[in-house]
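A short worksheet on the structure shown next.
In UniProt numbering, the protein residues as written are 1 to 130.
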């Protein structure tokens, strides 16, 4: 039973790795605001004047903010934000995907049943412990 869980966990990790590799391969070389789709020199100047000076500031903005300050269309604003998030590797993850990843977290015994009980079954794998 325990070995079957390990095999399933390893397969899930491999599948997640493949998905991450595909997503990384999709991203293009976006280094400046003018590299974003639909953002030309004039729009970039308006964004810069409004305080949007980095890709990160675009990535965390809402489409309405970009529409108001730079006069972008809604679709263009959404594409620019998505491209900035992809370039910054700031992808958002749904709760169900997070729950799937949490299933892969194991626990390592400390060697003491009492300590393990205090910390919820042992030390978690895939995390930093100090």
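Each residue gets a CB set at the ideal place from its N, CA and C atoms; glycine is no exception.
Collapsing the DSSP output to three states places residue 108 in a strand. Between the beta-carbon of residue 63 and that of residue 74 there is about 6 Å, and that keeps the pair under the 8 Å contact cut. Beta bridge pairing from DSSP links residue 123 with 108.
Residue 95 counts as exposed, since fewer than 16 other C-beta atoms from the protein chains shown sit within 10 angstroms of its C-beta. Between the segment 99 to 106 and the segment 5 to 13 there are three or more C-beta pairs closer than 8 Å, enough to call the two in contact.
Under the three-state reduction of DSSP output, residue 90 falls in the coil class, being neither helix nor strand. For residue 19, the closest C-alpha among the options 58, 7 and 93 is that of 93. Just so you know, the alpha carbons of residue 121 and residue 61 end up roughly 41 Å apart. Here DSSP, grouped into helix, strand and coil, assigns residue 61 to coil. Going by DSSP, residue 113 is part of the alpha helix (DSSP H) stretching over 113 to 118.
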